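Asks: In our numbering, each residue carries its 1-based index in the sequence shown increased by 1. Note that the Cβ used here is the ideal one computed from N, Cα and C, for glycine as well. All values reported here derive from a predicted model rather than from experimental measurement.
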Amino acid sequence: KGDGEYRIMFWLGQWIAYLLPMLFILLSRSSKSESILKLAAVLALVGLAIVKHVWLIIPQLLPMS
């Protein structure tokens, strides 16, 4: 459905963990900048932490019976 309470946090985590780092890696290759590559690594870690948080919280909110 895609209309849950955590959908914004999930998609924000996807963007931060996967798409933005890939764009920054491509940018760092063309500009030969190491600082952009470090920023991409930090964004990937932060995004993965957000995605992990969502993946751990959502199943705990479902009723067991």
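1. Would you mind sorting P22 into buried or exposed? The rule is 16 or more other CB atoms within 10 Å of its CB.
2. Looking only at C-alpha atoms, which of A50, L24, K33 sits nearest to A41?
3. Apart from the five residues just before and just after L15, which ones in its own chain have a Cβ nearer than 8 Å to its Cβ?
4. For I59, which residues of its own chain have a beta-carbon under 8 Å away from its beta-carbon, when the five flanking residues on both sides are left out?
5. Would you call A50 buried or exposed, if buried means 16 or more other Cβ atoms sit within 10 Å of its Cβ?
Replies: According to the data block:
1. Taking a 10 Å sphere around the C-beta of P22, we find 16 or more other C-beta atoms and assign the residue as buried.
2. Checked all of A50, L24, K33; the closest Cα to A41 is L24.
3. Looking at the sequence itself, residue 15 is Gln, so the reference to Leu does not match. Excluding residues within five positions, the ones whose Cβ falls inside 8 Å are G48, V52.
4. Apart from sequence neighbours up to five positions away, the residues of its chain that approach I59 with a beta-carbon distance below 8 Å are G5, Y7, ordered along the chain.
5. With fewer than 16 Cβ atoms within 10 Å of its Cβ, A50 is classed as exposed.
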